[in-house]
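Right, one structure below, let's go through it.
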Amino acid sequence: MTNFIQELTWRGMLHNVMPGTEDQLNQELTTAYLGIDPTADSLHIGHLVGIMMLKHLQNAGHKPVALLGGATGMIGDPSGKSQERNLLSEQELRYNQEAIRKQLSKFLDFDSDAPNKAILVNNYDWMSTFSFLDFIRDIGKHITVNYMMAKDSVKKRIASEEEGGAEGMSFTEFTYQLVQGYDFLHLYKTHGCKLQLGGSDQWGNITTGTEMIRRMEGGKAYAVTCPLLTKSDGGKFGKTEKGNIWLDAEKTSPYTFYQFWINADDKDAERFIKIFTTFTHEHIAELIAKHAEAPHFRLLQKTLAQELTTLVHGEERFNFAIEASQILFGKGTKETLEKLSDADFNAIFADVPQYQVEKSKFDAGVPVLDLLAVETDMLKSKAEARRLVQGNGLSINQEKYSNVEGLITKDQLLNGKYLLIKNGKKYSVITILES
RNA sequence: GGGGGGAUUCCAGAGCGGCCAAAUGGGGCAGACUGUAAAUCUGUUGGUUUUCACCUUCGGAGGUUCGAAUCCUCCUCCCCCCA
């Protein structure tokens, strides 16, 4: 059995740990929970760090609890300086919960008979029937405002108001830490949960929980946080220009998901592989060494992408993502394109801008420049299109096209339906409409 | 209140009344190189156009002139100095 704290430490996933936590973990099978916002019907990779903490925890023989913040998600955590949230209907909430459970089960063991199998709970179940009066009487009494005010997340919001900056902090948000703290207390009482995991921004909220357990139950509970994940270029982890990378294949195609990991730069890949895989210390050291020998093979990125894409989307989708990548970045030729079925073609180019042109236009052939700038608004003007073609920047169906006066005819259509246009490094697809 | 300087194409910043669609740098976009990276080098960077050429653009409105981003008048907005 591995030592959870040591495991997190070498993986670079340990930010802060409450004294005594390691002893607690060594002493008995410990139940630990992590909160997840159920605001959508899918997790995105920003959630993944937390989930991996649970996974490493489970691998270390302890029992993970994933807590969906059905109740807390309605309030909005002030430490994320997020806007106030919208209320989810219970129906939406349950739907999201089921979808998220499915995704979580790819990472965690929910179904075996093991004593440390994971469970999923939703704080809506115990918070929704808790009356305001009961809450302030039973819970609020035990925590002083002075204590709550001392939290960084609260201080920051109040200070920013005094500077005339933000719009202050609502009472609802102020209460957030009590609600989250109560979750911990509740799980402590009902599941014997003694440890809460979270991002480093959660420390303040977690300690409110341990404080409640101490004051109200005379119990001892612990906290472990991990650093917030950053990218070495300073960008936000898990975000692309197009938004979040979701685990749901409908929201983010497996190809895009795969590409996200492939595109990690070397520095990040090294950190990520420690965080997002369960490979051993030795195996990872070996991978890093191999990568350093031949960085252009990008072994780390490929391994990382393979592990996660396979885990989340399955082997078949992973293979397809590779195939798609080769077509887009490798030596994909016109021949390989022609071999693709419509379904595959659409899947590969699903994330690429689409344009439509009527088929009849091709009867006489369409001048390239018109195709780019008139029939579609791919380029702003014919002058720009001309520059592109003259600059050798245009490919049609993966073949360089440099004839400014050229006509595009029916013969060039892939499967009689598509044109794959490559403008520099950017792809676009023109779909031919039957008319 | 007095005096002075400025507003230029995405940004910064040149620009003798004709040779200015406007130097140069940055950024953008392409090409080469490369690891779907970084750096570097090359080309390009208002529109129509094969070329010639034409059209729209230099804070706004007028004017002088064969001709104005460049001269004059008024207006708007910025900056600096002295009180």
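Our numbering puts the first sequence at residues 211 to 645.
Ideal Cβ positions, reconstructed from N, Cα and C, are used throughout, including at glycine.
Checklist entry - Quick one: what does DSSP say THR520 is sitting in, helix, strand or coil? => result On the first sequence, residue 520 is found 310 positions in, with the first residue counted as 1. Assigned with DSSP and collapsed to three states, THR520 falls in helix.
Item to check | Alpha-carbon to alpha-carbon, GLY283 and THR249 | outcome: Position 39 of the first sequence, counting from 1, holds the residue named residue 249. Position 73 of the first sequence, counting from 1, holds the residue named residue 283. Rounded to whole angstroms, the gap between the alpha carbons of THR249 and GLY283 is 7 Å.
Item to check | Pair within 7 Å by beta-carbon distance, GLN387 and TYR243 | outcome: Locating residue 387 in the first sequence gives position 177, counting from the first residue. Locating residue 243 in the first sequence gives position 33, counting from the first residue. The Cβ-Cβ distance between GLN387 and TYR243 does not fall below 7 Å.
Next on the checklist: To the nearest angstrom, how far is the alpha carbon of GLN313 from that of LEU457?
Outcome noted: The residue you call residue 313 lines up with position 103 of the first sequence. The residue you call residue 457 lines up with position 247 of the first sequence. Distance from the CA atom of GLN313 to the CA atom of LEU457, rounded to whole angstroms, is 7 Å.
Checklist entry - Between which two residues does the alpha helix (DSSP H) containing GLY408 stretch? => result The count along the first sequence starts at 1 and reaches residue 408 at position 198. Not the alpha helix (DSSP H): GLY408 falls in the beta strand (DSSP E), residues 403-409.
Checklist entry - What does a CB cutoff of less than 7 Å around LYS586 pick up in its chain, not counting 5 residues either side in sequence? => result On the first sequence, residue 586 is found 376 positions in, with the first residue counted as 1. In the sequence under discussion, the amino acid at residue 586 is Thr, which differs from the Lys named in the question. Once the five neighbours on either side are set aside, the close Cβ partners of THR586 are TYR565, VAL567 and ILE640.
Item to check | As assigned by DSSP and simplified to three states, the class of TYR334 | outcome: Here residue 334 corresponds to residue number 124 of the first sequence, with the count starting at 1. Here TYR334 sits in helix by DSSP.
Checklist entry - At which residues does the beta strand (DSSP E) containing LEU278 begin and terminate? => result Numbered from its first residue, the first sequence carries residue 278 at position 68. Annotation: the continuous beta strand (DSSP E) that includes LEU278 extends over 273-278.
Checklist entry - Given a threshold of 16 other Cβ atoms within 10 Å of its Cβ, counted over all protein chains shown, does THR354 qualify as buried or as exposed? => result The residue you call residue 354 lines up with position 144 of the first sequence. So THR354 counts as exposed.
Checklist entry - Among all the DSSP beta bridges, which residues are the ones paired with THR641? => result Locating residue 641 in the first sequence gives position 431, counting from the first residue. For THR641, DSSP records a beta bridge to GLN566 and TYR628.
Next on the checklist: I want to know whether the stretch 427-438 touches the stretch 224-232 - three or more CB-CB distances under 8 Å.
Outcome noted: Yes: the two stretches touch, three or more of their Cβ pairs being nearer than 8 Å.
Item to check | DSSP state of GLY428 mapped onto helix, strand, coil | outcome: Here the question's residue 428 lines up with position 218 in the first sequence. The DSSP-derived three-state label of GLY428 is coil.
Checklist entry - Do you know offhand how far THR186's Cα is from TYR357's? => result Since the displayed the chain opens at 211 and closes at 645, residue 186 lies outside it and no answer follows.
Checklist entry - Within the chosen definition, does the stretch 334-351 reach the stretch 361-369 through at least 3 CB pairs nearer than 8 Å? => result Taking one beta carbon from each stretch, the stretch 334-351 and the stretch 361-369 have fewer than 3 pairs nearer than 8 Å; the two do not touch.
Checklist entry - Which residues in the same chain have their Cβ closer than 8 Å to the Cβ of ILE532, if we skip the five residues on either side of it in sequence? => result In the first sequence, counting from the first residue as 1, residue 532 sits at position 322. Cβ within range, chain order: TYR468.
Checklist entry - Using the C-alpha atoms, what's the distance from GLU609 back to GLU193? => result Outside the displayed range of the chain (211 to 645) lies residue 193, so it cannot be described from this structure.
Checklist entry - For SER463, is the classification buried or exposed, using 16 other Cβ atoms within 10 angstroms of its Cβ as the cut-off for buried? => result Counting from one through the first sequence, the residue named residue 463 turns up at place 253. Per the 10 Å Cβ criterion, buried.
Item to check | Cα-Cα separation between PHE486 and LYS273, rounded to whole angstroms | outcome: Taking the first sequence and counting its residues from 1, the one referred to as residue 486 is at position 276. Taking the first sequence and counting its residues from 1, the one referred to as residue 273 is at position 63. Take the alpha-carbon of PHE486 and the one of LYS273: they are about 19 Å apart.
Item to check | As assigned by DSSP and simplified to three states, the class of THR219 | outcome: Within the first sequence, the letter at position 9 stands for residue 219. Note: THR219 maps to helix in three-state DSSP.
Next on the checklist: So the candidates are LEU395, GLY402 and GLY429; which of them puts its Cα closest to the Cα of ILE416?
Outcome noted: Position 206 of the first sequence, counting from 1, holds the residue named residue 416. Checked all of LEU395, GLY402 and GLY429; the closest Cα to ILE416 is LEU395.
Checklist entry - From PHE214 to THR339, what does the alpha carbon distance come to, in whole angstroms? => result Mapped onto the first sequence, residue 214 falls at position 4. Mapped onto the first sequence, residue 339 falls at position 129. Whole-angstrom Cα-Cα distance: 36 Å.
Checklist entry - From what residue to what residue does the beta strand (DSSP E) around GLY245 run? => result Counting from one through the first sequence, the residue named residue 245 turns up at place 35. It spans 241-246 - the beta strand (DSSP E) in which GLY245 sits, taken as one unbroken run.
Item to check | Residue environment, ILE368, which counts as buried when at least 16 other CB atoms sit within 10 Å | outcome: By one-based count along the first sequence, residue 368 stands at place 158. By the neighbour-count rule (16 or more Cβ atoms within 10 Å), ILE368 is not buried but exposed.
Item to check | Three CB pairs or more closer than 8 Å across the stretch 592-604 and the stretch 516-531 | outcome: At 8 Å Cβ cutoff, the stretches do not touch.
Checklist entry - Is DSSP giving LYS316 helix, strand or coil here? => result What you label residue 316 is simply residue 106 of the first sequence in a count that begins at 1. LYS316 sits in coil when the DSSP states are folded into three classes, being neither helix nor strand.
Next on the checklist: Rounded to whole angstroms, what is the Cα-Cα separation between MET588 and GLU548?
Outcome noted: Here the question's residue 588 lines up with position 378 in the first sequence. Here the question's residue 548 lines up with position 338 in the first sequence. Looking at the two C-alpha atoms, the distance is approximately 23 Å.
Checklist entry - Near THR440, which residues of its chain fall below 7 Å by C-beta distance, leaving aside the five closest residues on each side in sequence? => result In the first sequence, residue 440 corresponds to position 230, counting from 1. For THR440, where only same-chain residues beyond five positions count, the Cβ hits under 7 Å are PHE447.
Item to check | Rounded Cβ spacing between GLY408 and GLY245 (contact assumed at less than 8 Å) | outcome: Position 198 of the first sequence, counting from 1, holds the residue named residue 408. Position 35 of the first sequence, counting from 1, holds the residue named residue 245. Right, their Cβ atoms sit about 7 Å apart.
Checklist entry - Mind checking ALA557: buried by the 16 CB within 10 Å criterion, or exposed? => result Working through the first sequence from its first residue, we reach residue 557 at position 347. By the neighbour-count criterion, in which a residue is buried when 16 or more other Cβ atoms sit within 10 angstroms of its Cβ, ALA557 is buried.
Next on the checklist: Assuming contact is defined by CB atoms lying nearer than 7 Å, are ASN473 and HIS254 in contact in what I supplied?
Outcome noted: By one-based count along the first sequence, residue 473 stands at place 263. By one-based count along the first sequence, residue 254 stands at place 44. A distance of 7 Å or more separates the beta carbons of ASN473 and HIS254.
Checklist entry - Buried or exposed: which applies to GLY626, given that a residue is buried once 16 or more other Cβ atoms fall within 10 Å of its Cβ? => result The sequence position of residue 626 within the first sequence is 416, counting from 1. An exposed status is given to GLY626, since fewer than 16 other beta-carbon atoms sit within 10 Å of its beta-carbon.
Item to check | For TRP187: DSSP bridge partner residues | outcome: No answer is possible for residue 187: it lies beyond the span of the chain, which begins at 211 and ends at 645.
Checklist entry - Which value, in whole angstroms, describes the spacing of the CA atoms of GLY428 and ILE483? => result As a position in the first sequence, residue 428 is number 218, starting the count at 1. As a position in the first sequence, residue 483 is number 273, starting the count at 1. Between GLY428 and ILE483, the C-alpha separation is close to 40 Å.
Item to check | For LEU298, three-class secondary structure by DSSP | outcome: Within the first sequence, residue 298 is the residue found at index 88, counting from 1. Collapsing the DSSP output to three states places LEU298 in coil.
Checklist entry - TYR334 to MET263, Cα distance in whole Å? => result Looking up residue 334 in the first sequence gives position 124. Looking up residue 263 in the first sequence gives position 53. Approximately 23 Å, taken between the alpha carbons.
Checklist entry - Can you name, in chain order, every residue of its own chain whose Cβ lies under 7 Å from the Cβ of TYR398, other than the five neighbours on each side? => result In the first sequence, the residue the question calls residue 398 occupies position 188. The residues are LYS404, ILE423, GLU427, GLY429 and ALA431.
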